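Asker: Got a structure here, written out as structure tokens. Questions coming.
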Amino acid sequence: AGETSINLRVVNPGAATGEATNNVIVVGNEDPTAIIIRPIEEMNYYSDHLIDFEAEIQDPDSDFSELEGYWFSLTSGELDLPPSLDSNGILLGQDLLPEGEHRIELYVIDTSLHSAEDLYSNIDEIVPQSFVQITVGAANILPTCAITSPDTGTTLSNTTVLELAGEASDPNIDASELTVTWSSNID
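Structure representation (structure tokens):
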């Protein structure tokens, strides 16, 4: 990038020469950069729940209106998400993914230089600007819980210390990830 001289020299058979020089300014065209904000690798995702997709795009050479972002899953192909960025360079969308492992790749193109068709025809040769690996589980099944103490119908004095016990489980996640709360109609 910067000012560059272009020179042309011609020599005839009699060794006479002519020269011409033009100065041009070359501007850089850096590739856009992208940071995937969501989805997050450590989160639980389910095949029956929409997954949030969000990325922050930067490009020092282009206005956000000239950029488009395309999301791909190596398992499912192109995701059905809008390619346009907002005025702050944020790319947003939601989509469902089938159960399984997904490498989510984000490709950003400068539409003043390339088209989506360029991307699709060369997808195997282009390196994504960002990617994330996520696991999508089966449909989210309701957790279960049961009060094991006191038994229903137990009569207690208002001075008795009440011992509460219960159990909870979720077929999708480990019980240690559950949030359990106790309440009553008195408090």
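Counting from 6, one number per residue, gives the positions in the sequence shown under the numbering used here.
Ideal Cβ positions, reconstructed from N, Cα and C, are used throughout, including at glycine.
Model, not experiment: these values are computed from the prediction.
Taking the beta strand (DSSP E) that N28 falls in, what are its first and last residues?
Answerer: 22-31
Asker: At 3 residues or longer, and completely inside the stretch 103-188: list those beta strand (DSSP E) runs for me, N to C.
Answerer: 105-115, 135-142, 149-154, 170-174
Asker: Evaluate the contact criterion for the stretch 68-82 versus the stretch 160-172: three or more CB pairs, one atom per stretch, below 8 angstroms.
Answerer: Counting Cβ pairs under 8 angstroms, fewer than three are found: no touch.
Asker: Determine the direct distance from the alpha carbon of G142 to that of Y50, and round the result to whole angstroms.
Answerer: 6 angstroms
Asker: I need the DSSP call for S70, collapsed to helix, strand or coil.
Answerer: Assigned with DSSP and collapsed to three states, S70 falls in helix.
Asker: If you count every other CB in all the chains shown that lies within 10 Å of the CB of L84, and 16 or more means buried, which is it?
Answerer: buried
Asker: On the three-state DSSP scale, how would you describe T9?
Answerer: strand
Asker: Give me the residue from N12, A144, S154, P37 with the minimum Cα distance to D3.
Answerer: Nothing can be reported for residue 3, as the shown portion of the chain is limited to 6 through 192.
Asker: To the nearest angstrom, how far is it from the Cα of V16 to the Cα of G7?
Answerer: C-alpha separation (whole angstroms): 29 angstroms.
Asker: Pull the bridge partners of L86 from the DSSP assignment, please.
Answerer: Partner(s): none; L86 has no beta bridge.
Asker: Using DSSP bridges, identify the partner residues of L96.
Answerer: Beta-bridge partners of L96 (DSSP): A60.
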